[in-house]
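For reference, each letter of the sequence shown is one residue, going 57 to 277 in this note's numbering.
I have placed the structure first, in the form of structure tokens, so that the comments after it can refer back to it.
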Amino acid sequence: MLGLPGIRIRMPIESKILDRINSLLGESDSLKRGNDHGQVRSEEHRQQCAEWITSAINLIQLLCENSGSSYRVRADHVVGNGINFCAHDQVGEIAAVLKALAKDAHAGVVASIANQARAEAFDEFLDHGEEYLRLGRKNEAGVIVGVVFEDSLRQVCRNLEVEDKGKQIDGLISELTSQGVLTAIKAKRARVAAHVRTKATHAQWDEFEVRDVEAAWSCPL
57 MLGLPGIRIR MPIESKILDR INSLLGESDS LKRGNDHGQV RSEEHRQQCA EWITSAINLI
117 QLLCENSGSS YRVRADHVVG NGINFCAHDQ VGEIAAVLKA LAKDAHAGVV ASIANQARAE
177 AFDEFLDHGE EYLRLGRKNE AGVIVGVVFE DSLRQVCRNL EVEDKGKQID GLISELTSQG
237 VLTAIKAKRA RVAAHVRTKA THAQWDEFEV RDVEAAWSCP L
């Protein structure tokens, strides 16, 4: 998380979220079994269920920021009256929500949700960045545009199944250019944005100007 005054930047949601869904589903198998009376097996069991439910709902909310999402509405309904002595049943119901979410993920729906969440998060602090730029505070604006540019570039690579893990931005720009995704002109603009990102990240404030930030802001990705 970047420490800019008044800004809390949420980093992008990545595909590894699916691993977390599968992990939670695996944990739910033992938690959703109650005692012979249809209640949790012990107070410790209830607390374990409560911990699992909290993690699962947090994950659902991260992926589905729209409060009207069917996943979120169903999960919220399950715990609407609190976590009780039938918490194991609540685990089972929320696990069903996660299973549906995982199923849709394989159809590409989760990626769309994640991209939407990312866009909403970026829109929020891009507004801050534009205000910084208007005030001539290029350092803060440079940091923000650098974060947005790099995430956008890497997301383009992932959408095109271009491996980006461990690769430098300049190399990714070259790869997208060689594949015809970026024209020579767009690649040149992208390298300006990459320059701003690198210098701003390392607090090398004298290495870029306001005009560089403005150029990076308009970089078409």
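Glycine residues also receive a C-beta, built at the ideal position from the N, C-alpha and C atoms.
Determine, using beta carbons only, whether I229 and E206 come nearer to each other than 8 angstroms. no
Hey, could you find the ends of the alpha helix (DSSP H) A250 is sitting in? A240 to T257
Check whether chain C comes within 8 angstroms of A271, counting only Cβ atoms and requiring the distance to be less than that. Annotation note: the requested chain C is absent from the structure, which comprises a single protein chain.
H93 (DSSP reduced to helix, strand or coil): coil
Over what stretch of residues does the alpha helix (DSSP H) that includes N140 continue unbroken? Per DSSP, N140 belongs to no alpha helix (DSSP H) and is neither H nor E.
If you drop the 5 nearest sequence neighbours on each side, which residues of the same chain put their C-beta closer than 6 angstroms to that of G59? Low confidence applies here, because G59 scores a pLDDT of 35, under 50, leaving its location unreliable and the question unanswered by this model.
For D268, does the count of other Cβ atoms within 10 angstroms reach 16, so buried, or fall short, so exposed? buried
At a cut of 8 angstroms, does the region 184 to 194 reach the region 226 to 246 through at least three beta carbon pairs? no
Could you round the C-beta distance between Q146 and C105 to whole angstroms and report it? I think they count as a contact, below 8 angstroms. 7 angstroms
CB-CB under 6 angstroms to T254, same chain, minus the five flanking residues each way: which ones, in chain order? none
If you measure between the beta carbons of V252 and G198, is that distance less than 8 angstroms? yes
Integer Cβ distance of V153 from I116, believed to fall under 8 angstroms: 7 angstroms
Excluding sequence positions up to five away, which residues of its chain have a Cβ less than 6 angstroms from the Cβ of R89? none
Quick one: what does DSSP say M67 is sitting in, helix, strand or coil? With a pLDDT of 37 at M67, under the threshold of 50, the modelled position of this residue cannot be trusted; read the value that follows with caution. Three-state result, M67: coil.
Which value, in whole angstroms, describes the spacing of the CA atoms of N195 and R245? 19 angstroms
Which word fits N202, buried or exposed, when buried means at least 16 other C-beta atoms lie within 10 angstroms of its C-beta? Contrary to the premise, residue 202 reads as Gly rather than Asn in this sequence. G202 comes out buried.
Leaving aside the five residues before and after T257 along the sequence, list all residues of the same chain whose C-beta is less than 8 angstroms from its C-beta, in chain order. V199 and G202
Closest to G138 by C-alpha separation, out of C213, E107, F264 and N91, would be which residue? E107
Which residues in the same chain have their Cβ closer than 6 angstroms to the Cβ of S123, if we skip the five residues on either side of it in sequence? none
Taking the continuous alpha helix (DSSP H) assigned at K221, which residues delimit it? Neither: K221 is in no alpha helix (DSSP H) and is coded neither H nor E.
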